[in-house]
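J.:
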Amino acid sequence: MTDTTDQSPTFADKEDEAVRRAQEDRLRAVWAAPKGWRYWSAVNNTEVGIWYTALSFIFMLFAGVLALIMRAQLALPENDLVTPDFYNQAFTLHGTAMMFLFAVPIFEAVAIILLPQLLGARDLPFPRLSAFGFWCFLIGGVFVMGSIFFGQAPSSGWFMYPPLTTEEEFTPGYGPDIWLLGLSFIEIASLAAAVELIVGTLKCRPPGMRLNLMPLYAWYVLVVAGMILFAFPPLIAGDILFELERLFDWPFFDPSRGGDPVLWQHLFWIFGHPEVYIVFLPAIALVAMIVPTFAQRPILGYSWIVLAAVGTGFISFGLWVHHMYTTGLPSISLGFFSAASEAVAIPTGVQIFVFIATLLTGHVIHSVPMLFVSGALANFVIGGLTGVMVALAPFDWQAHDTYFVVAHLHYVLIGGMLFPVVAGVYYYWPLVSGRKLSDRPGRIAFWLMFAGFNLAFLPMHYSGLAGMPRRVWTYPESLGVGTANMISSVGAFVFASGILIIVWDVLRPRGKEPYAKRNPWNAGTLEWLVEMPGESWGVRSIPAVTSRYPIWEQPNFIDDVDKGRFYLPDAAEMKRETIITSVLDGKPLQCLRVPGPSFMPMIAAVFTGAMFIFATFHWWAATIVAMGLSTISIMVWLWRGTSLIPEKPEKDVGLGLKLPLYKSGPHSVGWWAMFIMMMGDATAFLGLVFGYYYFFTIHADFPPPSTVGPGVLWPSVAFGLFAVAWSTALGARLSNQAGRVGRARVLMAAGALVALAASAALLWGPYVTGLRPTAHVYPATVWVITIWTAAHGVAGSLMLGYCLARSLAGRMTPAHDIDIFNVALYWHFVGFTVIVTVGTLAYLPVLM
Amino acid sequence: MQVFGKTQDNLWTLVAAPTIWGFHFLFSYFLAAYRCAPNDDVFRNIGGTRMAISGVTAVCLLLILLIARRAWREWRADGGGYSNNQDTPEARERFLEFSTLLLAALSFAAVVFETLPVLVFWDCR
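If you read the sequences in order, they're chains A and B. Take any residue in the first sequence, note its place counting from 1, add 413, and you have its number in my numbering. Take any residue in the second sequence, note its place counting from 1, add 9, and you have its number in my numbering.
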């Protein structure tokens, strides 16, 4: 790269120590975290990522303590250390927290820290969105976990099966509501993270990093974020149905009024099975970074890893019914899911072989991270093999709901997720704190964890096959599993002592211990450009990449980066900036200004959280006020912080390259974010529509002949009005682009009003025909789909009004039209939603 | 879009074969579920459904083979090398073509897996 730097017009300047120091001072000032109490307004990945990670680990430790209480209770037969009710709360929160508050968030958290570093970017494109996600996670997580201190925690298992959870007589109190509303809130944060990570991976790579040069971690992040986008929304749809039944008695899961509890199981597991891979793949991604470093060679079979990641990403969506083998579905249906459950073992196995081959052909350096990786592979393979066993329906009928399954899932999750994450903690700790964790305690912790884990979970295979069911508070001595349970309990505490050593090593004061040397493991990828201790700017200059392992393979690389010989070595205008590149080849396209510290994400999260929490306790007036405040705070955030018009159209980013500062439409990251978010939104909508067609399929007559539907008239009127609103949004975009600002403003104003009228007309249909949602599942389903679509119409109206205000305030012009471009894109999705809604609710019953 | 006289690969061409698997999977599952619901006559023969699924299987396998054939030919035309870590558009194409080929092979196997239940189950039990 030194050749190209010589051609730079500012080459001489860059070699001048004084110029360099001035650049560094400016970069440091621009990227510095705020001081004092304002520290909590930070949005940079180095702050938010670390808060996020730390909080996930705190929830993990909390859930771990619950597991220890459970193991203490189960150590002896007929024990009564805790009450059955507390035990139920403990296992429910243990599962819930480990999945929703540790396994998924830790992926987002670690990716927020690592991804910009790995891509040589200064930050991800939407740092405030990451911060919003973090605050949502904090509020929702504390709300859900805190409930156990009031004896109000959910107590019906982490999957919340109705009718146990929907009937007040079985589950009095707020437990299920806390679960549903607290977690829905966190699911929204996960979707936000998915948007951030997909756009980050595709658009924020350094110049020259083509798809074939992307670090494997980034491939995994891309696949997993895509999976979140399609897996979480069905659960959100399920949560909506569930909460409507809990709060307003809409009978979605009540068979006496046409509902079906199995629908919940479908919606839950359409999320729940991909979830396992959403948890597993990012952890294995850490292994894909660690293995080459300690084998001191590039990964063998890069394409095969991509095959594994993408293949698993797809096939994992075809497994969900293997959690439902005992619900009485026809055998042919079970067969399809059993086949997919076997097929997914192929890509999963491929990556294990790739790692082993890389290690066999390299010169392995023995280290603590490598130790945890070996433990992970060993344990995960056992879990994978028992997984192939339970994927077979006849075997599963025997093992279902026994401790065999508990053993299986813990081998998969602890072997496939926890061990790799701990390996990642040891590997990446220098990147976070500038120092390595201690070697000897690390080895002791590993052996305690490895031995304790196998001691705890291997006997559970036996307990399960001997007939011990899951989720029981205690068991009779005559079952003959007392010894196995005692061994399991001892193992659990041995395992926990290993974790404790790591916690101590992380937290202990390090005083004057020296910092680690730079690139302490001698790795080859960009994240190890970081200085010890790190600077908040991430990279001194954004490198041009020509290899998969630039530090190993590009001559003089670290020095060129450090001396600012690459892109954006300066922050001349005192703004935070990073480079946006093309998807295939990483061609530089734009210099993106990213926003700095702000309290707005925190404020928006507080109001949004308040809305969910007030709804849990049925404080409706407060809920509505919180909803209003949340909407206002998001609008203020957007108004002040997004699509800002730059002071000049383009700037010199170094190496003689000039890049535009503003891009709209499909070239802007905001458009991509809107597109991705709306894909998730459309998936949630299709989850609700799935409910309609599900009832249509299982009932001989649906809609029931005795019930009137929403009619044809008003849905048709709404359809026409929505078509007008959609065309005004599109027309406003085109007119504005063509410089006809006046016409665009009229269209935006008209569109905002017509959208409200359209939503009202849509709601008027079922209202005027007198559909009562509590009477039967049919009117309830009609209402929920109608409300969903109408709410999107109202949101679309607000967005058009926002664009009008932007235009009037001079913040949106024909050349700077990000806002209306994104809103027009939103309206395309609303159009799709309306077509499906009206077609399903009004026209289909007429045709059938 | 054409480059070097052949199709330019991108992320969509990469995921085309597994998407076909996804379609095949959902089609088979939904059709069988629809035919068997509300499941009050479990011994009823579902020959038509099995034929329909077999027909869709044939089409899906053919499409996956076409994807595999294109990826294979373009990959071979460029020498068929396994080394794709260079900083060139050719290396990127080689990488995407080879990965597409691998995914097509996996999808082919998965679609075959997905069809096996049709050979075993004749009714809605």
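All C-beta atoms, glycine included, are put in the ideal place defined by N, C-alpha and C. Bear in mind that the values here come from a model prediction, so they are computed numbers and not experimental data.
Using a Cβ cut-off of 8 Å, pull out every chain A residue sitting near N93/B, in sequence order please.
T.: Residue numbering aside, residue 93/B sits at position 84 when the second sequence is read from its first letter. In chain order: N625, Y715, S716.
J.: Within a Cβ cutoff of 8 Å, which residues of the same chain sit near M414/A, ignoring the five residues on either side of it in sequence?
T.: Translated into positions along the first sequence, residue 414/A becomes position 1. Unreliable placement is indicated for M414/A, whose pLDDT of 38 sits below 50; the coordinate value is still reported in the next sentence. Contacts found: P956, A957, T959, Q967, P968, N969, F970, D973, R978, F979.
J.: Three or more C-beta pairs closer than 8 Å, one from the stretch 993-1011 of chain A and one from the stretch 536-552 of chain A: is that the case here?
T.: Taking 8 Å as the limit for Cβ pairs, the verdict is that the stretch 536-552 of chain A does touch the stretch 993-1011 of chain A.
J.: Taking S108/B as the query, report the chain A residues whose CB atoms sit under 8 Å from its CB, ordered along the chain.
T.: Reading the second sequence from its first residue, position 99 is the one you call residue 108/B. Under the 8 Å cutoff, chain A gives S716, V719, L720, V723.
J.: Report the neighbours of V24/B on chain A: residues whose CB is nearer than 8 Å to its CB, in chain order.
T.: Numbered from 1 along the second sequence, position 15 holds the residue referred to as residue 24/B. What V24/B touches in chain A: V723, F727.
J.: Distance check for R434/A and I428/A, CA to CA, integer angstroms please.
T.: Translated into the one-based positions of the first sequence, residue 428/A becomes position 15. Translated into the one-based positions of the first sequence, residue 434/A becomes position 21. According to the sequence displayed, residue 428/A carries Glu and not Ile. Using only the alpha carbons, I get a separation of about 11 Å.
J.: Based on the DSSP secondary-structure assignment, which residues constitute the bridge partners of L1070/A?
T.: The residue you call residue 1070/A lines up with position 657 of the first sequence. The partner list for L1070/A (beta bridge, DSSP) reads G1067/A.
J.: Exposed or buried, what is N57/B when buried is set at 16 or more other beta-carbons lying within 10 Å of its beta-carbon?
T.: Taking the second sequence and counting its residues from 1, one reaches residue 57/B at position 48. Asn is not the amino acid found at residue 57/B; the sequence shown has Gly there. Exposed, by the Cβ-count rule.
J.: Measuring straight from C-alpha to C-alpha, what distance separates D18/B and C45/B?
T.: Looking up residue 18/B in the second sequence gives position 9. Looking up residue 45/B in the second sequence gives position 36. Their backbone Cα atoms lie some 41 Å apart in a straight line.
J.: Given that D667/A touches chain B, what residues does it touch there, using C-beta distances under 7 Å?
T.: Residue mapping note: residue 667/A aligns to position 254 of the first sequence, counting from 1. The contacting residues do not exist; D667/A stays about 17 Å from chain B at best.
J.: For a contact defined as C-beta to C-beta under 8 Å, what are the partners of S37/B on chain A?
T.: Within the second sequence, the letter at position 28 stands for residue 37/B. The contacting residues are F749.
J.: Along the alpha helix (DSSP H) that carries E755/A, what are the first and last residues, could you check?
T.: Reading the first sequence from its first residue, position 342 is the one you call residue 755/A. Run containing E755/A: 744-756, per the alpha helix (DSSP H) assignment.
J.: Where does the unbroken alpha helix (DSSP H) through R1146/A begin, and where does it stop?
T.: Walking along the first sequence from the start, residue 1146/A turns up at place 733. Unbroken alpha helix (DSSP H) run through R1146/A: 1126-1150.
J.: Tell whether a beta-carbon distance below 8 Å holds between S543/A and E491/A.
T.: For the purposes of this step, residue 543/A is taken as residue 130 along the first sequence, with counting starting at 1. For the purposes of this step, residue 491/A is taken as residue 78 along the first sequence, with counting starting at 1. In this structure, E491/A does not lie closer than 8 Å to S543/A by Cβ.
J.: In or out: C133/B buried (at least 16 other Cβ within 10 Å) or exposed?
T.: The residue labelled residue 133/B in the question sits at position 124 within the second sequence. Buried, because 16 or more other Cβ atoms sit within 10 Å of the Cβ of C133/B.
J.: Whole angstroms are fine: how far does the CA of A879/A sit from the CA of G893/A?
T.: Reading the first sequence from its first residue, position 480 is the one you call residue 893/A. Reading the first sequence from its first residue, position 466 is the one you call residue 879/A. Their backbone Cα atoms lie some 8 Å apart in a straight line.
J.: Compare the beta carbon distance of I599/A and F550/A with 8 Å and say whether it is the shorter of the two.
T.: Here the question's residue 599/A lines up with position 186 in the first sequence. Here the question's residue 550/A lines up with position 137 in the first sequence. In contact: I599/A and F550/A (Cβ atoms closer than 8 Å).
J.: For the stretch 738-768 of chain A, which residues have a beta carbon sitting closer than 7 Å to at least one beta carbon of chain B?
T.: So the close ones are P743, S744, I745, S746, G748, F749, A752, A753, E755, A756, I759, P760.
J.: Please state the DSSP three-state secondary structure of I683/A.
T.: The residue you call residue 683/A lines up with position 270 of the first sequence. Residue state, collapsed to three classes: helix.
J.: Quick check on this structure: which residue in L660/A, G1083/A, P1062/A has the alpha carbon closest to the alpha carbon of T1055/A?
T.: The count along the first sequence starts at 1 and reaches residue 1055/A at position 642. For T1055/A, the nearest C-alpha among the options comes from G1083/A.
J.: Which of the three DSSP states, helix, strand or coil, is assigned to M10/B?
T.: Along the second sequence, read from residue 1 onward, the residue named residue 10/B stands at position 1. In this prediction, M10/B has a pLDDT of 43, which is less than 50 and means its spatial position is unreliable; nothing more can be read from the coordinates.
J.: Once you ignore the five residues that flank D852/A on each side, which residues in its own chain have a CB closer than 7 Å to its CB?
T.: Working through the first sequence from its first residue, we reach residue 852/A at position 439. Cβ within range, chain order: V781.
J.: Would you kindly work out how many angstroms separate the C-alpha atoms of T418/A and L1068/A, rounded to a whole number?
T.: If you number the first sequence from 1, residue 418/A lands on position 5. If you number the first sequence from 1, residue 1068/A lands on position 655. Legend: pLDDT at T418/A = 42, less than 50; position of this residue unreliable, no value from coordinates given.
J.: Quick check: Y43/B and T1194/A, are their CB atoms within less than 8 Å of each other?
T.: On the second sequence, residue 43/B is found 34 positions in, with the first residue counted as 1. On the first sequence, residue 1194/A is found 781 positions in, with the first residue counted as 1. No.
J.: Is any beta-carbon of chain B found at less than 8 Å from that of D662/A?
T.: Here residue 662/A refers to the residue found at position 249 when the first sequence is read from its first residue. Output row for D662/A: interface = no.
J.: Does W30/B get closer than 8 Å to chain A when you measure Cβ to Cβ?
T.: The residue you call residue 30/B lines up with position 21 of the second sequence. With 8 Å as the cut-off, W30/B counts as an interface residue toward chain A.
J.: Buried or exposed, going by whether 16 or more other CB atoms sit within 10 Å of the CB of M1261/A?
T.: The sequence position of residue 1261/A within the first sequence is 848, counting from 1. With fewer than 16 Cβ atoms within 10 Å of its Cβ, M1261/A is classed as exposed.
J.: Out of L506/A, T1096/A, G1104/A, L1057/A, which one is the CA nearest neighbour of S1081/A?
T.: Indexing the first sequence from 1 puts residue 1081/A at position 668. That would be L1057/A, whose Cα lies nearest to the Cα of S1081/A.
J.: Would you please verify whether the beta carbon of S960/A is less than 8 Å from any beta carbon of chain B?
T.: Here residue 960/A refers to the residue found at position 547 of the first sequence. Yes, S960/A counts as interfacial toward chain B.
J.: Can you give me the start and stop residues for the beta strand (DSSP E) that R1006/A sits inside?
T.: Here residue 1006/A is taken as the residue at index 593 of the first sequence, counted from 1. From DSSP, the beta strand (DSSP E) with R1006/A extends over 1001-1006.
J.: Which class does N501/A belong to by DSSP, given the choice of helix, strand or coil?
T.: Position 88 of the first sequence, counting from 1, holds the residue named residue 501/A. DSSP places N501/A in helix when its eight states are reduced to three.
J.: Are any of the Cβ atoms in chain A nearer than 8 Å to that of A80/B?
T.: If you number the second sequence from 1, residue 80/B lands on position 71. Not closer than 8 Å to any Cβ of chain A, the Cβ of A80/B fails to qualify, so no.
J.: On the three-pair Cβ rule with 8 Å, is the stretch 462-481 of chain A touching the stretch 504-514 of chain A?
T.: Touching, per the Cβ criterion.
J.: Which residues, in chain order, does the stretch 972-1002 of chain A contribute to contact with chain B at a C-beta distance below 8 Å?
T.: Residues passing the 8 Å Cβ filter: V996, L997, D998.
J.: Counting only runs of 4+ residues fully inside the stretch 875-954 of chain A, write out the alpha helix (DSSP H) ranges in chain order.
T.: List check, alpha helix (DSSP H) in window: 895-920.
J.: Using 8 Å as the threshold, is the stretch 1153-1172 of chain A in touch with the stretch 611-619 of chain A, meaning 3 or more CB pairs across them?
T.: They do not touch, by the three-pair rule.
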